[in-house]
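Presented below is the structure to which this report refers.
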Amino acid sequence: MTSPLSTLSVRDRSRTHLLETAERLFAEHGIDAVSLRQVTAAAGHRNPAAVQYHFGSKDGLLRAIFEHRVPLLNRRRLELLEQLTDAPAEQHLRIIVEAIIRPLAEIDPAQRSYVKFLAQLVTIPSRPEQIYASLPGELGLSGQRTREALKRALRHVPEAVAENRRVLLVAFVLTALAGRLHSSHDEQQGGLSDDAFLDDVIDAGVGILSAPHTVRTKEG
Numbered sequence: 012m013t014s015p016l017s018t019l020s021v022r023d024r025s026r027t028h029l030l031e032t033a034e035r036l037f038a039e040h041g042i043d044a045v046s047l048r049q050v051t052a053a054a055g056h057r058n059p060a061a062v063q064y065h066f067g068s069k070d071g072l073l074r075a076i077f078e079h080r081v082p083l084l085n086r087r088r089l090e091l092l093e094q095l096t097d098a099p100a101e102q103h104l105r106i107i108v109e110a111i112i113r114p115l116a117e118i119d120p121a122q123r124s125y126v127k128f129l130a131q132l133v134t135i136p137s138r139p140e141q142i143y144a145s146l147p148g149e150l151g152l153s154g155q156r157t158r159e160a161l162k163r164a165l166r167h168v169p170e171a172v173a174e175n176r177r178v179l180l181v182a183f184v185l186t187a188l189a190g191r192l193h194s195s196h197d198e199q200q201g202g203l204s205d206d207a208f209l210d211d212v213i214d215a216g217v218g219i220l221s222a223p224h225t226v227r228t229k230e231g
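Counting with the numbering used here, you get residues 12 to 231 for the letters of the sequence shown.
Rendered as C-alpha cells:
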C-alpha cells in the first residue's frame, strides 16, 4: 500500500517535471506558441489534462514557474540592494541595475532556460506584471523594492518616462543575457569575458535609465 507521504512526493516530482518542461518549451518557442497539451506530451504524461490538474491554466503554470525560480533570485537581489543604504546617491542607479542583472547572470547553468523564458514573457504586454502582482507577498518583495528604489533614483524624470525606461531596461537585460547564456563561446559578443560582458550590460542599463530626456513643446 502506498503511503500518503510517498504519494505526495510522486505528485510533487510530477508537478516539478511539468513546470520545468513548460519553462524549456516556452523559452524555445514562445509563450503563446506552446499549448498545454504540448507541455503534457513533452513531459511524457499519459493524462492530457495533467497541466490543468496541477496548475489550472496557462497563467497558473506561468505563475508556478515564477514561484519555482524566484526565491533564490530574490535573496540575491535583496542582498545587492542592501548596498543602497550606505552608498552615495550617484552610485544608486548602478547598484539597482546590478541588482536586477547579476542574479540572472549568476543563475545555475541547469536553470538557464528561465532567463530565456523571461525574455519571451516580456514580449507580451502587461502579462509579466499581472503574474508578478499575483505572487505571494514575499515572492514579489525584491521586485517591489527594486521598483521603489528606481522610483526614488529617477524622481527627477517624468513618471511616464521613468516607467518606459524601466520596461526598456528589463527587455534589454533579458534579451542580452538570454543571448549570452545560450550562445557558444565562439559566438559570444566581441570576445568579452563573462565578467566584462556583465559590466558592459550594467553600464548600458545605467545608460538607458540616466539618458537625458527630450522635453517636447506643444509645437513639437
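Note that the Cβ used here is the ideal one computed from N, Cα and C, for glycine as well.
For residue j and residue i, the rounded distance between their alpha carbons
| i | j | result |
| --- | --- | --- |
| residue 81 | residue 212 | 22 Å |
| residue 225 | residue 99 | 27 Å |
| residue 16 | residue 92 | Unreliable positioning characterises residue 16 in this predicted model, as indicated by a pLDDT of 42, which lies under 50. A coordinate reading is not provided. |
| residue 114 | residue 83 | 9 Å |
| residue 55 | residue 69 | 18 Å |
| residue 61 | residue 41 | 21 Å |
| residue 27 | residue 227 | 51 Å |
| residue 35 | residue 119 | 15 Å |
| residue 29 | residue 23 | 10 Å |
| residue 95 | residue 192 | 28 Å |
| residue 112 | residue 169 | 24 Å |
| residue 190 | residue 129 | 12 Å |
| residue 1 | residue 103 | With the chain covering 12 to 231 only, the question about residue 1 has no answer from this structure. |
| residue 48 | residue 97 | 51 Å |
| residue 18 | residue 85 | Note that residue 18 scores a pLDDT of 49, beneath 50, so its modelled location is shaky and nothing firm can be said. |
| residue 232 | residue 135 | Since the first and last residues shown for the chain are 12 and 231, residue 232 lies out of range. |
| residue 171 | residue 205 | 34 Å |
| residue 218 | residue 107 | 13 Å |
| residue 151 | residue 101 | 27 Å |
| residue 25 | residue 163 | 43 Å |
Cβ-based neighbour list, residue i, same chain, cut-off 6 Å, excluding 5 preceding and 5 following
| i | result |
| --- | --- |
| residue 89 | 153 |
| residue 165 | 173 |
Which listed residue (the options) has its alpha carbon closest to that of residue i
| i | options | result |
| --- | --- | --- |
| residue 126 | 216, 20, 188, 48 | 188 |
| residue 161 | 114, 118, 208, 220 | 220 |
| residue 216 | 206, 105, 207 | 105 |
| residue 214 | 180, 28, 131, 171 | 180 |
| residue 222 | 67, 167, 202 | 167 |
| residue 78 | 31, 25, 190 | 31 |
| residue 124 | 67, 163, 85, 194 | 194 |
9 Å Cβ cutoff met for residue i and residue j
| i | j | result |
| --- | --- | --- |
| residue 177 | residue 158 | yes |
| residue 10 | residue 50 | In the structure as shown, the chain begins at 12 and stops at 231. Residue 10 is therefore absent and cannot be evaluated. |
| residue 87 | residue 117 | yes |
| residue 65 | residue 75 | yes |
| residue 33 | residue 21 | no |
Own chain, CB closer than 8 Å to residue i, minus 5 neighbours either side, in chain order
| i | result |
| --- | --- |
| residue 122 | 80 |
| residue 58 | 51, 64 |
| residue 209 | 112, 113, 116 |
Nonlocal neighbours in the same chain, by C-beta distance under 7 Å from residue i, ignoring five residues either side
| i | result |
| --- | --- |
| residue 133 | 139, 181, 182, 185 |
| residue 131 | 37, 38, 41, 42 |
| residue 109 | 91, 213 |
| residue 207 | none |
The ligand ADP heavy atom lying under 8 Å from the CB of residue i
| i | result |
| --- | --- |
| residue 127 | The model depicted lacks the ligand ADP and carries no ligand whatsoever. |
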